[in-house]
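Student:
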Amino acid sequence: MHPFVFIALFFLLLFILKLLHVMLWAPLKVQEHFKKQGINGPDYSLIKNIGEGMAMFEEAERSTVDPSNPNKFLHRVAPFYTNFADKYGKTFFLWGGPLPNINIGDPDMIKEILQTTGKGFFEKNDWDPLTKMLFAQGTIGLTGEKWSFHRRIVNQAFNNLPKIKAWVPDLVESTTHMLEKWEQLRGGEEEFEMEVNKEINNLSADIISKTAFGSSYSEGKRIFMLQEEQMYLASDTMRSVYFPGFKYVPTKKNRMRWKLEKEIRESVWRLIKSNRKSAENSRNLLTSLMTPHKNPDGKEEMLDVDEIIDECKGFYFAGKETTANLLTWAIVLLAQHQDWQHKAREEVLRVLGDKEPVADKLNELKLVTMILNETLRLYPPSPLILRKAAKDVTIGNIHIPANTRIVITTIAIHHDTEIWGQDAEQFNPLRFTESPKHLGIFLPFGLGPRICLGQNFALIEAKIILSMILRQYSFVVSPTYVHAPMLIFTMQPQHGAQIVFSKISN
Ligand code: HEM
Numbered sequence: 002m003h004p005f006v007f008i009a010l011f012f013l014l015l016f017i018l019k020l021l022h023v024m025l026w027a028p029l030k031v032q033e034h035f036k037k038q039g040i041n042g043p044d045y046s047l048i049k050n051i052g053e054g055m056a057m058f059e060e061a062e063r064s065t066v067d068p069s070n071p072n073k074f075l076h077r078v079a080p081f082y083t084n085f086a087d088k089y090g091k092t093f094f095l096w097g098g099p100l101p102n103i104n105i106g107d108p109d110m111i112k113e114i115l116q117t118t119g120k121g122f123f124e125k126n127d128w129d130p131l132t133k134m135l136f137a138q139g140t141i142g143l144t145g146e147k148w149s150f151h152r153r154i155v156n157q158a159f160n161n162l163p164k165i166k167a168w169v170p171d172l173v174e175s176t177t178h179m180l181e182k183w184e185q186l187r188g189g190e191e192e193f194e195m196e197v198n199k200e201i202n203n204l205s206a207d208i209i210s211k212t213a214f215g216s217s218y219s220e221g222k223r224i225f226m227l228q229e230e231q232m233y234l235a236s237d238t239m240r241s242v243y244f245p246g247f248k249y250v251p252t253k254k255n256r257m258r259w260k261l262e263k264e265i266r267e268s269v270w271r272l273i274k275s276n277r278k279s280a281e282n283s284r285n286l287l288t289s290l291m292t293p294h295k296n297p298d299g300k301e302e303m304l305d306v307d308e309i310i311d312e313c314k315g316f317y318f319a320g321k322e323t324t325a326n327l328l329t330w331a332i333v334l335l336a337q338h339q340d341w342q343h344k345a346r347e348e349v350l351r352v353l354g355d356k357e358p359v360a361d362k363l364n365e366l367k368l369v370t371m372i373l374n375e376t377l378r379l380y381p382p383s384p385l386i387l388r389k390a391a392k393d394v395t396i397g398n399i400h401i402p403a404n405t406r407i408v409i410t411t412i413a414i415h416h417d418t419e420i421w422g423q424d425a426e427q428f429n430p431l432r433f434t435e436s437p438k439h440l441g442i443f444l445p446f447g448l449g450p451r452i453c454l455g456q457n458f459a460l461i462e463a464k465i466i467l468s469m470i471l472r473q474y475s476f477v478v479s480p481t482y483v484h485a486p487m488l489i490f491t492m493q494p495q496h497g498a499q500i501v502f503s504k505i506s507n
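Reminder that position 252 of the sequence shown reads as 253 in our numbering, one-by-one numbering, no gaps.
1. Which stretch, first to last residue, makes up the alpha helix (DSSP H) that contains L100?
2. Just the Cα atoms here: how many angstroms apart are I489 and Y233?
3. Give the straight-line distance between the Cα atoms of P437 and H22, rounded to the nearest whole angstrom.
4. Could you please give the first and the last residue of the uninterrupted beta strand (DSSP E) stretch that includes A390?
5. May I ask whether a heavy atom of the ligand HEM can be found less than 7 angstroms away from the beta carbon of I386?
6. Closer than 7 angstroms: is that where the CB of R266 sits relative to any heavy atom of the ligand HEM?
7. If you draw a straight line from the alpha carbon of N160 to that of E347, how long is it in whole angstroms?
8. Identify the residues that DSSP records as bridge partners of T491: which are they?
9. According to the neighbour-count rule (16 or more other Cβ atoms, all chains shown, within 10 Å of its Cβ), is E505 buried or exposed?
10. Compute the minimum distance between the beta carbon of S149 and the heavy atoms of the ligand HEM, and state whether it is under 7 angstroms.
11. Give the straight-line distance between the Cα atoms of A325 and P494, rounded to the nearest whole angstrom.
12. Shortest alpha-carbon distance to K295 belongs to which of F150, T418 and A360?
13. Got a sec? Which residues, its chain only, sit under 8 angstroms from P337 by beta carbon, not counting five neighbours each side?
14. Examine the ligand HEM and report whether any of its heavy atoms sits within less than 7 angstroms of the Cβ of V155.
15. Compute the beta-carbon to beta-carbon distance between I466 and L363, rounded to the nearest angstrom, for a pair I have assumed lies under 8 angstroms.
16. Write down every uninterrupted run of the alpha helix (DSSP H) in the stretch 47–80 whose length is 4 residues or greater and which is fully enclosed by it, in chain order.
17. On the criterion of 16 or more Cβ atoms from any shown chain inside 10 Å, does L18 qualify as buried, or is it exposed?
18. To which residues does DSSP link W96 through a beta bridge?
19. Between which residues of its own chain and A345 is the CB-CB distance below 8 angstroms, once the five residues before and five after are set aside?
20. Using the C-alpha atoms, what's the distance from Q473 back to I500?
21. Among residues of its own chain, excluding the 5 on either side of V66, which ones have a beta-carbon nearer than 6 angstroms to its beta-carbon?
22. Quick one: using the 10 Å Cβ neighbour count with 16 as the cut-off for buried, is D129 buried or exposed?
23. Three or more C-beta pairs closer than 8 angstroms, one from the stretch 33–43 and one from the stretch 87–94: is that the case here?
24. Taking the CB atoms as reference points, tell me whether T1 and I452 lie closer together than 8 angstroms.
25. Here's the rule: buried if 16 or more other CB atoms are within 10 angstroms of the residue's CB, otherwise exposed. What is N276?
26. Would you mind sorting D417 into buried or exposed? The rule is 16 or more other CB atoms within 10 Å of its CB.
27. Taking the alpha-carbon positions, what's the W168 to M24 distance?
28. Quick one: Cα of E220 to Cα of T288, how far?
29. For the beta strand (DSSP E) holding I409, just list the boundary residues, first then last.
30. If you compare alpha carbons, which of M134, M303 and M291 is closest to R256?
31. Alpha carbon to alpha carbon, how far is N374 from L440?
32. Alpha carbon to alpha carbon, how far is I224 from H76?
33. Give me whichever residues DSSP pairs with K125 in a beta bridge.
34. When every heavy atom of the ligand HEM is checked, does at least one fall within less than 7 angstroms of the C-beta of T324?
35. Any chance the CB of T140 is under 7 angstroms from a heavy atom of the ligand HEM?
36. Who pairs with V477 in a beta bridge, going by DSSP?
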């Protein structure tokens, strides 16, 4: 045999062995390892698992919600959980291609995993290269030293109460514009119908664009629209399995992804250049990101242009979608629960009267805060939190091998009757009269070192918008509304949220 043929055959054999190891032997070994510890799940079979996973989400999209129990919709948003938890218990393993996943159902373990993320054993999960395009190079997706550096800069830009309070007039102005548009839509009639999710998404894009990009916000808004297209393409990938190298294959969708990515980066770069010239932008987020800051050792540190672009891309996803979801579901829930709508309106009128909302008054909106918390419990905009075991680790009595992906199905914890009582699926804001008793049971903003940086901003934004709507309109769900929450990265109403608004006379 010619030596070259021999060498080629040798490498081919090595490749086949490696493939067999990754695709067959390693997953079966992990499965055996979990089963020995009494943790069960669907048996590993690459092709079958992928097919079943995709079929589960397709079926979820077609499934309905019982109108007499509208908050019982876990089967639509986390179909893998309803399918497997019934059979195997709340902690079970499942498969993402050959990658083992373990769903953790115990609040003590969840608390420990989230609070120790980044400290050696647990880390943020890795994203596939296509999903990474969406946000993963910014604070949300980074790990290690690079993440600490980004988080320090974004934290001082975003987690700063005086700065957030200074944005309140912008929030009020954007909401006023939206309500003026609604009045035109009403056209003097007593009531009018509207798809509120789209409206609130536009408003949320307007607000985050203004706070992020100051006077250049219309260009900023265009970037967010492009990001939205990218998000729909990315949610496709998240539900299937990524094969290495696929991002380079010039499929129709990949070509769209490349085009969007190029356009987004160019647009943010243009914004950064124009922002540098304009002193009036000193309040906006982009300026904070562009300003050097002192690190804990007193040394100056600063993001470079590409890093700033990545952060701006992340803000779209982290800041716009999530807050818009929270508001959409709060409006739907209040439309379904007229008693709570009346109580909330009474409180808003008592606290704010007919004056413009100001930051210091918002703390007095106790019922509105409880309503928002109950909405975040039943409809958490981020229904899943993912981590990975950075090395072999024992948590509780479970030994988890390195590189296993850890799934925390927040929404299942939030709907669990053993945690929240038999009425877990009922809308009852009174449960938030006091803070939840355990840190691992209410996780709309995550927990620990990676907790949401925009939490304060999001809650202030939600309180202002909801209060201003409640003051002006009463509302009910339209007969055309079909209740169908579904997961497209965040929790969205599949067929929109059609609401009928009636003007409240003075
Ligand atoms: C209701 C609105 C929001 C919800 C429910 C929400 C939810 C979350 C959750 C669950 C996480 C943690 C993810 C994890 O642990 O893996 C997170 C992280 C983050 N959020 Fe939010 N978020 C909201 C609004 C915002 C806003 C308005 C911003 C800012 C524009 C923002 C910026 C971030 C950032 C930068 C992170 C990453 C933090 C890190 O990894 O260090 N979020 N958010």
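Note that beta-carbon positions come from the ideal geometry of N, C-alpha and C, so glycine has one too.
Tutor: Considering the structure as presented:
1. In the sequence shown, the residue the question calls residue 100 occupies position 99. Not the alpha helix (DSSP H): L100 falls in the beta strand (DSSP E), residues L100 to N104.
2. The sequence position of residue 489 within the sequence shown is 488, counting from 1. The sequence position of residue 233 within the sequence shown is 232, counting from 1. Answer to the nearest angstrom: the Cα atoms are 7 angstroms apart.
3. The count along the sequence shown starts at 1 and reaches residue 437 at position 436. The count along the sequence shown starts at 1 and reaches residue 22 at position 21. Distance between the alpha carbons of P437 and H22 is about 45 angstroms.
4. Here residue 390 refers to the residue found at position 389 of the sequence shown. That run of the beta strand (DSSP E) goes I386 to A390.
5. Position 385 of the sequence shown, counted from the first residue, corresponds to residue 386. Answer for I386: yes, Cβ within range of the ligand HEM.
6. Reading the sequence shown from its first residue, position 265 is the one you call residue 266. Flag unset: Cβ of R266 not near the ligand HEM.
7. Here residue 160 refers to the residue found at position 159 when the sequence shown is read from its first residue. Here residue 347 refers to the residue found at position 346 when the sequence shown is read from its first residue. If you take the alpha carbons of N160 and E347, they lie about 31 angstroms apart.
8. The residue you call residue 491 lines up with position 490 of the sequence shown. I489, per the DSSP bridge assignment.
9. Looking up residue 505 in the sequence shown gives position 504. Note that residue 505 corresponds to Ile in the displayed sequence, not to Glu. Under this definition I505 is an exposed residue.
10. Here the question's residue 149 lines up with position 148 in the sequence shown. No - the ligand HEM has no heavy atom lying nearer than 7 angstroms to the Cβ of S149.
11. Position 324 of the sequence shown, counting from 1, holds the residue named residue 325. Position 493 of the sequence shown, counting from 1, holds the residue named residue 494. Whole-angstrom Cα-Cα distance: 11 angstroms.
12. Your numbering for residue 295 matches position 294 in the sequence shown. With distances taken between Cα atoms, K295 lies closest to F150.
13. Numbered from its first residue, the sequence shown carries residue 337 at position 336. Note on identity: in this sequence residue 337 is Gln, with Pro being the wrong assignment. Excluding sequence neighbours, Q337 sits near P71, F428 and V478.
14. Here residue 155 corresponds to residue number 154 of the sequence shown, with the count starting at 1. Yes, since a heavy atom of the ligand HEM falls inside the 7 angstroms radius drawn around the Cβ of V155.
15. Working through the sequence shown from its first residue, we reach residue 466 at position 465. Working through the sequence shown from its first residue, we reach residue 363 at position 362. Rounded, the Cβ-Cβ distance is 12 angstroms, inconsistent with contact.
16. 47–63 and 75–78
17. The sequence position of residue 18 within the sequence shown is 17, counting from 1. So L18 counts as exposed.
18. Start at 1 with the first residue of the sequence shown, and residue 96 comes out as number 95. P101.
19. Here residue 345 corresponds to residue number 344 of the sequence shown, with the count starting at 1. Answer for A345: L335, L368, V369, I372, L467 and L471, listed in chain order.
20. As a position in the sequence shown, residue 500 is number 499, starting the count at 1. As a position in the sequence shown, residue 473 is number 472, starting the count at 1. Cα to Cα, the separation comes out at about 14 angstroms.
21. Within the sequence shown, residue 66 is the residue found at index 65, counting from 1. Cβ neighbours of V66 beyond the five flanking positions: F74 and H484.
22. Here residue 129 refers to the residue found at position 128 when the sequence shown is read from its first residue. Buried.
23. yes
24. Given a span of 2 to 507 for the chain in the structure shown, any question on residue 1 remains unanswerable.
25. Residue mapping note: residue 276 aligns to position 275 of the sequence shown, counting from 1. Under this definition N276 is a buried residue.
26. As a working note, residue 417 is residue 416 in the sequence shown. D417 is buried by the Cβ-count criterion.
27. The residue you call residue 168 lines up with position 167 of the sequence shown. The residue you call residue 24 lines up with position 23 of the sequence shown. Going by the C-alpha atoms only, they are around 51 angstroms apart.
28. Counting from one through the sequence shown, the residue named residue 220 turns up at place 219. Counting from one through the sequence shown, the residue named residue 288 turns up at place 287. Cα-Cα distance, rounded: 16 angstroms.
29. Start at 1 with the first residue of the sequence shown, and residue 409 comes out as number 408. From DSSP, the beta strand (DSSP E) with I409 extends over R406 to I409.
30. Counting from 1 along the sequence shown, the entry for residue 256 is found at position 255. With distances taken between Cα atoms, R256 lies closest to M134.
31. Taking the first residue of the sequence shown as 1, we reach residue 374 at position 373. Taking the first residue of the sequence shown as 1, we reach residue 440 at position 439. Their backbone Cα atoms lie some 14 angstroms apart in a straight line.
32. For the purposes of this step, residue 224 is taken as the residue at position 223 of the sequence shown. For the purposes of this step, residue 76 is taken as the residue at position 75 of the sequence shown. Distance between the alpha carbons of I224 and H76 is about 34 angstroms.
33. Along the sequence shown, one-based indexing puts residue 125 at 124. R388, per the DSSP bridge assignment.
34. If you number the sequence shown from 1, residue 324 lands on position 323. It does: the Cβ of T324 is within 7 angstroms (strictly closer) of some heavy atom of the ligand HEM.
35. Residue 140 sits at position 139 when you count from the first residue of the sequence shown. T140: yes, Cβ under 7 angstroms from the ligand HEM.
36. Here the question's residue 477 lines up with position 476 in the sequence shown. V501.
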